[in-house]
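Residue numbering for the sequence shown follows my numbering, starting at 1187 and increasing by one per position.
We put the beta carbon where it would ideally sit given N, CA and C, even for glycine.
Worksheet: the structure to be examined is printed underneath.
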Amino acid sequence: MAPDAGSYEFYPITGIPVPDPDCCAETPDQKSDPYAEINRKVPVRQDIDEWSTNQRNRRQVDLFILALEKLQKRDPKERLSYFQIAGIKPTAKRYYSMES
């Protein structure tokens, strides 16, 4: 029998925190930092084809592939395996337990 859906805890996905530029005065460090404006903006999600073929992203792509490979090698019965995570959907016949 499936547990009561009300007993689950959910982890909210809030996105990348971005400081409010209107809330505080600039500090001397921000004025001298050439990347201050860049760091304040939320990065746009890149298209997978562009991201994976851009040489500037080579380290990111390498780390992504290594992490994905490690995830896919987990036992499919493990709660945090690629198989179990890929099976999460709103119409699942089996609830995904948030407990470890």
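Near residue i, what residues of its chain come up, given a Cβ to Cβ distance below 7 Å and the 5 sequence neighbours on each side ignored?
i	result
ILE1271	none
GLN1258	TYR1268
Does DSSP put residue i in a helix, a strand or coil?
i	result
GLU1236	helix
ARG1264	With the sequence shown as reference, residue 1264 is identified as Glu, and Arg is not the correct amino acid for it. Of the three classes helix, strand and coil, the one that applies to GLU1264 here is coil, per DSSP.
ARG1231	coil
LYS1259	coil
ILE1274	coil
PHE1269	helix
To which residues of the same chain is residue i closer than 6 Å at the C-beta, ignoring the five residues directly before and after it?
i	result
VAL1247	SER1238
ARG1260	SER1267
LEU1254	none
ASN1243	TRP1237
ASP1233	none
ARG1265	none
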